[in-house]
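Per UniProt numbering, numbering through the sequence shown is continuous, rising by one, with the last residue being 534.
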Amino acid sequence: MGSASSAYRVIYLDVDGRVQKVVFSRFCSPCDIKELFCLALGLPRNTTITLLDGTGAMVSIDPTMPHNSERSPYRVVPVTGGQLADKEELFQNVLSQVAEQFSRAFKINELKTEVTNRLAMLEKRVELEGLKVVEIEKCRSDIKKLREEMASRNNSSFLDENRKLTPRRDVPSYPKYMLSRQTVDALRKPAFDVWLWESNEYHLSQETVEALRKPVFDVWQWEHNEMLSCLEHMYHDLGLVKDFNINPITLKRWLLCIHDNYRNNPFHNFRHCFCVTQMMYSMIYLCNLQEKFTQVDILILMTAAVCHDLDHPGYNNTYQINARTELAVRYNDISPLENHHCAVAFQIFSQPDCNIFSNFDPEAFKQIRQGTITLILATDMARHGEILDSFKQKVDSFDFTNEEHVTCLKMVLIKCCDISNEVRPMEVAEPWVDCLLEEYFMQSDREKSEGLPVAPFMDREKVTKPTAQIGFIKFVLIPMFETVMKLFPQIEEVMVQPLRESRDRYEELKQIDDAMNEVQKKKSENLTMGGKKK
Numbered sequence: 001m002g003s004a005s006s007a008y009r010v011i012y013l014d015v016d017g018r019v020q021k022v023v024f025s026r027f028c029s030p031c032d033i034k035e036l037f038c039l040a041l042g043l044p045r046n047t048t049i050t051l052l053d054g055t056g057a058m059v060s061i062d063p064t065m066p067h068n069s070e071r072s073p074y075r076v077v078p079v080t081g082g083q084l085a086d087k088e089e090l091f092q093n094v095l096s097q098v099a100e101q102f103s104r105a106f107k108i109n110e111l112k113t114e115v116t117n118r119l120a121m122l123e124k125r126v127e128l129e130g131l132k133v134v135e136i137e138k139c140r141s142d143i144k145k146l147r148e149e150m151a152s153r154n155n156s157s158f159l160d161e162n163r164k165l166t167p168r169r170d171v172p173s174y175p176k177y178m179l180s181r182q183t184v185d186a187l188r189k190p191a192f193d194v195w196l197w198e199s200n201e202y203h204l205s206q207e208t209v210e211a212l213r214k215p216v217f218d219v220w221q222w223e224h225n226e227m228l229s230c231l232e233h234m235y236h237d238l239g240l241v242k243d244f245n246i247n248p249i250t251l252k253r254w255l256l257c258i259h260d261n262y263r264n265n266p267f268h269n270f271r272h273c274f275c276v277t278q279m280m281y282s283m284i285y286l287c288n289l290q291e292k293f294t295q296v297d298i299l300i301l302m303t304a305a306v307c308h309d310l311d312h313p314g315y316n317n318t319y320q321i322n323a324r325t326e327l328a329v330r331y332n333d334i335s336p337l338e339n340h341h342c343a344v345a346f347q348i349f350s351q352p353d354c355n356i357f358s359n360f361d362p363e364a365f366k367q368i369r370q371g372t373i374t375l376i377l378a379t380d381m382a383r384h385g386e387i388l389d390s391f392k393q394k395v396d397s398f399d400f401t402n403e404e405h406v407t408c409l410k411m412v413l414i415k416c417c418d419i420s421n422e423v424r425p426m427e428v429a430e431p432w433v434d435c436l437l438e439e440y441f442m443q444s445d446r447e448k449s450e451g452l453p454v455a456p457f458m459d460r461e462k463v464t465k466p467t468a469q470i471g472f473i474k475f476v477l478i479p480m481f482e483t484v485m486k487l488f489p490q491i492e493e494v495m496v497q498p499l500r501e502s503r504d505r506y507e508e509l510k511q512i513d514d515a516m517n518e519v520q521k522k523k524s525e526n527l528t529m530g531g532k533k534k
């Protein structure tokens, strides 16, 4: 995966008696490869062609086509009108393409992402393949037309390089709720009024209930009041409300208070809180944790996930300590943010209307408080190595009756959920990378203005999406999830494999970026040398 040979294919063509070398990515479509061959022969891009080997046999034009050498180039033969496929079949193909385009038009944000990526790859490929100046200008003209066409669909310049990927806000393919007539009438009220008002006649649909239990759940399709309903459902579905006699109205008030105490940061916001809690909920089901943990343990896992980033200011512990903020001074530079999240969580619990633990006796509440604090403090990435090493020592002889072992596992589980975005499908995970980089850049800009040290992975002048993600996925995410996999093998297919695929995808993007940078470097050197000769 890491070698250039796996990323690119080299094919040799016979062009009027001379050999033309053509290089293309193995991810190119057959259509892109045909266009590239036409350009190499000086033919119009839409010319229908046939590829023949030395024996006259036809060769399929696609990314998996057989390799050849300079000594045995393929011959490209334009197909005349009489050799074209039947007109009806051609018409059907055109109709199919038009239908596909219309289908994509209803998912404009997905289309934006796809077009942006394809245009970027096309531009880089044009440079990499060293086409003639005239051909390059022709390609760029086509690209410009495509940009204008796509921009006009949404009446905005969404392909601007300075804009980040916009998270999708479409709706799932299944109904979110099962509604009674009374509830439909009530939905005319403001969103949060509806959520607080909702009666037993307002339920999540069975499709939503099932989707919530899976790591692939698309968090971008839900508004804040809907996420509150989902969180409420999780507490009921896990039996926590019934088993611990939690007042359902108090649960609603507590969740709303939690929502109000998450700031509107690019990344560390209420949607991130929901993401982490939903991933914890899905792991409870995926790993059958209710068969291995006590209900108190389940309550601690869920509550710590809900509270783990309360009142996050958008600037990490390194900034807090270097800037000597009030939080760093208060907590003596020891996990200042995580300590603050714990403090805010229990300030909320101290309000009678929001205390879901009001029916617990003092000893039980003390256990819940200590367990929740332990898990929230474990989310400080400065402790990552320490916590993972401790778990690795226990995992091969893990004992679910050993309190120390169980506590260590719970710490690793909340860590997994906290940084689990890359487990989700690409279209769900990638917008989170943009959100995180936006928050990083906001911090690094402030650090520069205040004369504080700036971490390279947060500097907008040094970091890219691939460089930001590759190391984190390879050296943090995959090792941690693979260790958990030893205890719960069932997570490999739905959690570990998506991480490996995400790593491969970002490494592929980095190879393209590196190759492009090398081409630009050589062009600059050639220009410099040319200037000296003059």
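In this text, a Cβ means the ideal position worked out from N, Cα and C, and glycines have one as well.
Under the DSSP assignment, Leu-52 falls in the beta strand (DSSP E) whose first and last residues are 49-52. When Cβ pairs closer than 8 Å are counted between the two stretches, the region 301-316 is seen not to touch the region 511-531, the count staying below three. Around the Cβ of Lys-410, a 10 Å sphere holds 16 or more other Cβ atoms; the residue is buried. Of the candidates Phe-400, Asp-459, Pro-498 and Ala-364, the residue whose Cα lies closest to the Cα of Glu-430 is Pro-498. The straight-line gap separating the alpha-carbon atoms of Thr-116 and His-67 is approximately 30 Å. Pro-479 carries a helical assignment under DSSP once its states are collapsed to helix, strand and coil. The shortest C-alpha to C-alpha distance from Ser-25 to any of Met-121, Leu-13, Glu-114 and Ser-69 is the one to Met-121. In the three-state DSSP reduction, Ile-419 falls in the coil class, being neither helix nor strand. Put simply, of Cys-28, Tyr-177, Leu-251 and Asp-389 the residue whose alpha carbon is nearest the alpha carbon of Thr-483 is Asp-389.
Shown here for Arg-75: same chain residues with a beta carbon closer than 6 Å to its own, the five before and five after excluded, namely Asp-14 and Leu-52 in chain order. Annotated three-state conformation of Pro-498 is helix, per DSSP.
Counting only the Cα atoms, Ser-524 lies some 28 Å from Phe-37. Apart from the 5 residues on each side of it in sequence, Ile-512 sits with its Cβ closer than 8 Å to the Cβ of Ala-7, Ser-25, Met-121 and Lys-124 in its chain, given in chain order. Restricting attention to alpha helix (DSSP H) runs no shorter than 4 residues, the region 334-367 encloses them at 336-349, ordered along the chain.
Considered as a whole, the region 208-246 harbours 224-237 and 240-243 as its complete alpha helix (DSSP H) runs of no fewer than 4 residues, in chain order. With the rule of 3 Cβ pairs closer than 8 Å, the region 267-284 counts as touching the region 433-449.
Excluding its 5 nearest sequence neighbours in each direction, Glu-427 has no C-beta neighbour in its own chain below 6 Å. For Tyr-12, the uninterrupted beta strand (DSSP E) segment begins and ends at 8-15. Listed as beta-bridge partners of Leu-204 by DSSP are Tyr-177.
Spanning the alpha carbons of Pro-248 and Asp-396 requires a straight line of approximately 41 Å.
Of all C-beta pairs linking the region 225-239 to the region 250-258, three or more are shorter than 8 Å, placing the two stretches in contact.
The Cβ atoms of Ile-356 and Phe-349 lie closer than 9 Å to each other. Taking all protein chains in view, the Cβ of Arg-263 is surrounded by fewer than 16 other Cβ atoms within 10 Å, so the residue is classified as exposed.
Note on Met-280: 16 or more other CB atoms within 10 angstroms of its CB, so buried under the neighbour-count rule. Going by C-alpha positions, Leu-43 is about 14 Å away from Asp-32.
DSSP places Met-280 within a helical segment (H, G or I) once states are collapsed to three. Contact annotation, Met-480 with Cys-416: C-beta distance approximately 6 Å; criterion of less than 8 Å satisfied.
Secondary structure at Tyr-74: strand, using DSSP grouped into helix, strand and coil.
For Lys-462, no beta strand (DSSP E) segment is defined, and its DSSP state is neither H nor E.
Here Glu-403 is exposed: its Cβ has fewer than 16 other Cβ atoms, across all protein chains shown, within 10 Å. In the DSSP assignment, Ser-390 falls within the alpha helix (DSSP H) that extends over 384-395. Closest by C-alpha distance to Gly-371, out of Thr-528, Val-296 and Thr-113, is Val-296. If you draw a straight line from the Cα of Val-241 to the Cα of Lys-448, it is about 48 Å long.
Between the alpha carbons of Leu-337 and Asp-361 lies a gap of roughly 29 Å. The C-beta distance from Thr-318 to Ala-468 rounds to 16 Å, too long to meet the 8 Å contact threshold. The three-state secondary structure of Val-454, taken from DSSP, is coil.
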